[in-house]
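Student: Mature numbering (1 follows the signal peptide of the UniProt record, and there is no 0) puts the sequence shown at residues -20 to -1, 1 to 522.
Positions of the beta carbon are idealized from the N, C-alpha and C atoms, including for glycine.
First the structure, then my questions, so here it is.
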Amino acid sequence: MSSPVLLVWIGIWMCVFSHSAIIPVSTQSVVGGDESAEGTVFVDSETIIGRTDQDFVCATLDWWPPEKCDYGTCSWGHASLLNLNLSNNILSNAIKAFSPLKLRLGGSMQDQLVYDTEDNQQPCLPFVQNSSAMFNFSHGCLPMPRWDELNAFFKKTGAKIIFGLNALSGKTQQPDGSSTGAWDHNNAESFMRYTVSKNYTIHGWELGNELCGEGVGTKVLADQYALDTIALEDLVQRVYKGIKPMPLILAPGGFFDEKWFMDFIDKTTPTLGAVTHHLYNLGAGVDKNLVNKILDPSYLDRAHDTFKNLLDILKIYSTRAVAWVGESGGAYNSGHHLVTNAFVFSFWYLDQLGMSSAHDTKTYCRQTLIGGNYGLLNTTTFEPNPDYYSALLWHRLMGRNVLPTRFSGTKKIRAYAHCSRVSKGITLLLINLDKSTTVYANVAFNSTGILKQEHKSHKRKTILLPPPYKGRNIREEFHLTPKDGDLHSQTVLLNGNILAVNSDGDIPPFVPVYVNSSTSIEVAPYSIVFAHLPNADVPACR
C-alpha cells in the first residue's frame, strides 16, 4: 500500500510535467503594472564575437583619504589602501567568493604617491589637504609595513593584483597644464625590487592614471607616454629576469581619446599587454538625471562607440595588447548615494559588462570594491550593495565566449548571451528597463542552434518543491528585483528572497528557480534575469 507521502510526491511530479514552471516563489517585481508583451532573443549560435578573461570581473581599491569630499558629501571614510580594515570578514569573504577577483590598486592619488623604500629620503607622511596641490591634496606615502599587510591580505583572499604606478615622478607641470620630461622610475624600481624580494605576486603593473588626452589634473603627450611605458617594460624585464610569469604591462589608464590612443598604441605595439581606459559615461555624480540616463536605452547605447573604436585601433596596429576597462564608476566624483550604490545601478553595470564583453574587452574593473558612493560594498558596514551580487552572478554564470545577441519586441530589454561558465549550454542576461511591462521572452537560434524544445507558452504556475529537480527540459533562472519595488533600495532580492550576509559575514548562496524550458522567460518590470539554458545545443559553445 502506498504511503500518503508517496502519493503527495506523485501528485507533485505530475504537476511538473503538466504545468509550465517550477518556481518556489513569484518573481514578479512589486514595481510593475499589469501590462505584458512578448519578444524574442535572437542568438547566433555559430559565432563568437568576444572572449573575456576567465576573471573578467575586476574591482578597484583607491588611495583617497577620509577628507575627500564631493558636493558637500564625504563618502570615502576608511576605504583607502592606507587605512582599510583588512580584518573585516565580509571584505575577505566578498573577495574570496570570486576565486579569484582582480583588484586594480590606483586612482587619482597614485600619481602623487611615494613608496617608502630605501631610496626615499623624505618622511613617509599621509596625504594632507592642500588647496594649491593637484586634487587639493599633498603627496602621500606608502609605508612598506602597510604594503606587507596588504599583500598578506591579498594572498589570504586569492586576489590578483594590478598596481598603478606614479607616472608623474620626474615630470614638470607646464603653464598649459601638461606635464613634461621623462619618467623618473628610481622610486618605482626600488618598490618593485622590494615587492619581488618578498615574493609578492603582481599580475600587472600599470603606468599612470587619467593623464592621456586632455587629462584630469594634468596631461602627458602620447609620444612621451609611449617612451615612459617602454621604460616600464624595460624595468619589469630587468627586475623580473628569470621569474615566471612576467607581469603584464598596462597603460594608459585614462579616458579614451581616439587620436591620442592611436599615437600611443602605434609606438608601444611590442610592449603593452593591455590598453586600459576609463568610463564615467553618466556624467557627474551630482547630476539629478542619473536615473533617467540609466533607464534610457539610447543613452546606454552611446558607450558602444568607445568600445568599438578602441577595438578597431587594436586591430589596425596588430598589437598583442588587449582592451581593458581599467576603471569605471559610471558617475564621476564618487558617484551618487542611493543611485550608484542602489539597485537601479545594476541596470547600468550589467549592461556595461554585457556591452564591453561583446566588444572583446578582456577585463572590466569597477570603481570601487569599497569607497565612495559607487562601491560594491558599503563603505561603513562592508555589507554588499546590489551591484556586488550582480557582479558575482555574472562571474559564476557567464562564460568567456560571447555570442551575438539581439532582442526583438521592445527597446526596453537589454539582452546578452554567453556560453555558460561551468556547464553546457548558454546563459542569457535580460534587463527590463520598463516600469510597467512584463516581457515574455522566447529564444531563437540560427539553423544549427537547437534548444531541444520549442517555446509555446508563457503561462506560469507556482509549485512548491523539495530539493531542486534538474531534468532534461528544465532551465535555471535567477531573478533580481529591488526590495519593496524601490529602485533606490540598497537591498536586492533573488527570486523573491533577500540577499544578505549572515552573522559570520558569509556571502549567501545563489539558489535558482527551475523552470520548464518550453515556456518563455518572464522578465518582470524593472528587473534583471539570468537564465541558464543547459540544453541549448550551441556549436560555438561545444
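1) Where does the unbroken beta strand (DSSP E) through ARG218 begin, and where does it stop?
2) Could you tell me the boundaries of the alpha helix (DSSP H) in which TYR369 lies?
3) Count Cβ pairs between the segment 134 to 146 and the segment 68 to 79 that sit closer than 8 angstroms; are there 3 or more?
4) Looking only at its own chain, which residues have a Cβ that is under 7 angstroms from the Cβ of SER388, when we skip the five neighbours before and after it?
5) Looking only at its own chain, which residues have a Cβ that is under 6 angstroms from the Cβ of THR40, when we skip the five neighbours before and after it?
6) Determine the contact status of ASP24 and LEU383, defining contact as a CB-CB distance below 8 angstroms.
7) Mark LYS239 as exposed unless 16 or more other C-beta atoms lie within 10 angstroms of its C-beta, in which case mark it buried.
8) Quick one: what's got a C-beta closer than 8 angstroms to THR27's C-beta in the same chain, skipping five residues either side?
9) Just the Cα atoms here: how many angstroms apart are THR160 and THR152?
10) Could you give the first and the last residue of the continuous alpha helix (DSSP H) run that contains ASP331?
11) Is it true that the segment 510 to 519 meets the segment 90 to 109, where meeting means three or more beta-carbon pairs spaced less than 8 angstroms apart?
12) ILE406 to TYR174, Cα distance in whole Å?
13) Distance check for GLY30 and GLU213, CA to CA, integer angstroms please.
14) With distance defined between alpha-carbon atoms, name the residue in LEU145, PRO505 and PHE323 nearest to GLY233.
15) Buried or exposed: where does PRO446 fall if 16 or more other Cβ atoms within 10 Å of its Cβ makes it buried?
16) If I follow the unbroken alpha helix (DSSP H) through TYR420, where does it start and stop?
17) Secondary structure at PRO4, three-state DSSP: helix, strand or coil?
18) Do the CB positions of PRO366 and ALA322 come within less than 8 angstroms of each other?
19) Which whole runs of the alpha helix (DSSP H) in the segment 8 to 76 are 4 residues long or more, in chain order?
20) Which residues bound the beta strand (DSSP E) around THR407?
21) Can you tell me whether DSSP reads PRO232 as helix, strand or coil?
22) What three-state label does DSSP hand GLY263 in the structure shown?
23) Counting pairs of beta carbons, one from the segment 220 to 234 and one from the segment 270 to 281, are three or more of them closer than 8 angstroms?
24) Just the Cα atoms here: how many angstroms apart are ASP50 and ASN65?
25) So ASP91 and LEU130 are supposed to be a Cβ contact under 8 angstroms. How far apart are they, rounded?
26) Between the Cα of ASP340 and the Cα atoms of GLU363, ASP246 and ILE293, which residue gives the shortest distance?
27) Less than 8 angstroms between C-beta atoms, sequence neighbours within five positions excluded: which residues of the same chain meet that for LYS221?
28) Hey, could you find the ends of the beta strand (DSSP E) ASN482 is sitting in?
29) Between the segment 476 to 485 and the segment 296 to 304, can you find at least three pairs of beta-carbon atoms closer than 8 angstroms?
30) Any idea what DSSP makes of ILE296, helix, strand or coil?
31) Taking the alpha helix (DSSP H) that THR137 belongs to, which residues open and close that run?
32) For LEU474 versus PHE458, is the C-beta spacing smaller than 8 angstroms?
33) Quick one: is HIS284 buried, meaning 16 or more other Cβ sit within 10 Å of its Cβ, or exposed?
34) Comparing C-alpha positions only, which one of ASN412, HIS316, HIS258 and THR360 sits nearest to SER336?
35) Would you kindly work out how many angstroms separate the C-alpha atoms of ALA511 and LEU71, rounded to a whole number?
36) To the nearest angstrom, how far is it from the Cα of GLY263 to the Cα of ASN272?
Tutor: Per the coordinate set shown:
1) Locating residue 218 in the sequence shown gives position 238, where the first residue counts as 1. It is not in any beta strand (DSSP E) - ARG218 instead sits in the alpha helix (DSSP H) that spans 202 to 219.
2) Reading the sequence shown from its first residue, position 389 is the one you call residue 369. That run of the alpha helix (DSSP H) goes 366 to 377.
3) yes
4) Translated into the one-based positions of the sequence shown, residue 388 becomes position 408. Cβ neighbours of SER388 beyond the five flanking positions: GLY19, THR20 and PHE22.
5) Residue numbering aside, residue 40 sits at position 60 when the sequence shown is read from its first letter. Correct list, in chain order: ARG84, GLU307, CYS345, GLN347 and THR348.
6) As a first step, residue 24 must be located in the sequence shown, where it is residue number 44. As a first step, residue 383 must be located in the sequence shown, where it is residue number 403. For ASP24 and LEU383, yes; Cβs fall inside 8 angstroms.
7) Numbered from its first residue, the sequence shown carries residue 239 at position 259. LYS239 comes out exposed.
8) Within the sequence shown, the letter at position 47 stands for residue 27. For THR27, where only same-chain residues beyond five positions count, the Cβ hits under 8 angstroms are LEU383, PRO384 and ALA520.
9) As a first step, residue 160 must be located in the sequence shown, where it is residue number 180. As a first step, residue 152 must be located in the sequence shown, where it is residue number 172. About 5 angstroms.
10) Residue mapping note: residue 331 aligns to position 351 of the sequence shown, counting from 1. Here the alpha helix (DSSP H) through ASP331 covers 325 to 338.
11) no
12) As a position in the sequence shown, residue 406 is number 426, starting the count at 1. As a position in the sequence shown, residue 174 is number 194, starting the count at 1. In this structure, the CA atom of ILE406 is about 45 angstroms from the CA atom of TYR174.
13) Taking the sequence shown and counting its residues from 1, one reaches residue 213 at position 233. Taking the sequence shown and counting its residues from 1, one reaches residue 30 at position 50. Taking the straight line joining both Cα atoms gives about 27 angstroms.
14) Within the sequence shown, numbered from 1, the residue matching residue 233 stands at position 253. The residue with the shortest Cα to Cα distance from GLY233 is LEU145.
15) On the sequence shown, residue 446 is found 466 positions in, with the first residue counted as 1. With a pLDDT of 36 at PRO446, under the threshold of 50, the modelled position of this residue cannot be trusted; read the value that follows with caution. The residue is exposed, with fewer than 16 neighbouring Cβ atoms inside 10 Å.
16) To locate residue 420, count along the sequence shown from 1; it is residue 440. Here TYR420 belongs to no alpha helix (DSSP H); instead the beta strand (DSSP E) covers 417 to 425.
17) Position 24 of the sequence shown, counted from the first residue, corresponds to residue 4. At PRO4 the pLDDT is 40, less than 50, meaning the model places this residue with poor confidence and gives no usable figure here.
18) For the purposes of this step, residue 366 is identified with residue 386 of the sequence shown, where counting begins at 1. For the purposes of this step, residue 322 is identified with residue 342 of the sequence shown, where counting begins at 1. Taking 8 angstroms as the Cβ cut-off, PRO366 and ALA322 qualify as a contacting pair.
19) Taking only runs of at least 4 residues, the alpha helix (DSSP H) segments lying wholly in the segment 8 to 76 are 69 to 76.
20) By one-based count along the sequence shown, residue 407 stands at place 427. Looking at the DSSP string, the run of the beta strand (DSSP E) that includes THR407 is 406 to 412.
21) Position 252 of the sequence shown, counted from the start, is the residue given in the question as residue 232. In the structure shown, PRO232 sits in a strand (DSSP, three-state: E or B).
22) One-based indexing of the sequence shown puts residue 263 at position 283. In this structure, GLY263 counts as strand in the three-state DSSP scheme.
23) no
24) Working through the sequence shown from its first residue, we reach residue 50 at position 70. Working through the sequence shown from its first residue, we reach residue 65 at position 85. Distance between the alpha carbons of ASP50 and ASN65: 23 angstroms.
25) The residue labelled residue 91 in the question sits at position 111 within the sequence shown. The residue labelled residue 130 in the question sits at position 150 within the sequence shown. Rounded, the Cβ-Cβ distance is 19 angstroms, inconsistent with contact.
26) For the purposes of this step, residue 340 is identified with residue 360 of the sequence shown, where counting begins at 1. The candidate whose alpha carbon is nearest that of ASP340 is ILE293.
27) The sequence position of residue 221 within the sequence shown is 241, counting from 1. Nothing meets the Cβ criterion.
28) If you number the sequence shown from 1, residue 482 lands on position 502. First-last for ASN482: undefined, no H or E at that position.
29) Segments in contact, no.
30) As a working note, residue 296 is residue 316 in the sequence shown. The answer is helix: DSSP assigns ILE296 an H, G or I state.
31) By one-based count along the sequence shown, residue 137 stands at place 157. Where THR137 is concerned, the enclosing alpha helix (DSSP H) stretches over 124 to 137.
32) On the sequence shown, residue 474 is found 494 positions in, with the first residue counted as 1. On the sequence shown, residue 458 is found 478 positions in, with the first residue counted as 1. Cβ atoms of LEU474 and PHE458: closer than 8 angstroms.
33) Your numbering for residue 284 matches position 304 in the sequence shown. HIS284 is exposed by the Cβ-count criterion.
34) Indexing the sequence shown from 1 puts residue 336 at position 356. Among ASN412, HIS316, HIS258 and THR360, the Cα nearest to that of SER336 is on HIS258.
35) Here residue 511 refers to the residue found at position 531 when the sequence shown is read from its first residue. Here residue 71 refers to the residue found at position 91 when the sequence shown is read from its first residue. Computed Cα separation, rounded: 28 angstroms.
36) Mapped onto the sequence shown, residue 263 falls at position 283. Mapped onto the sequence shown, residue 272 falls at position 292. The straight-line gap from Cα to Cα measures roughly 12 angstroms.
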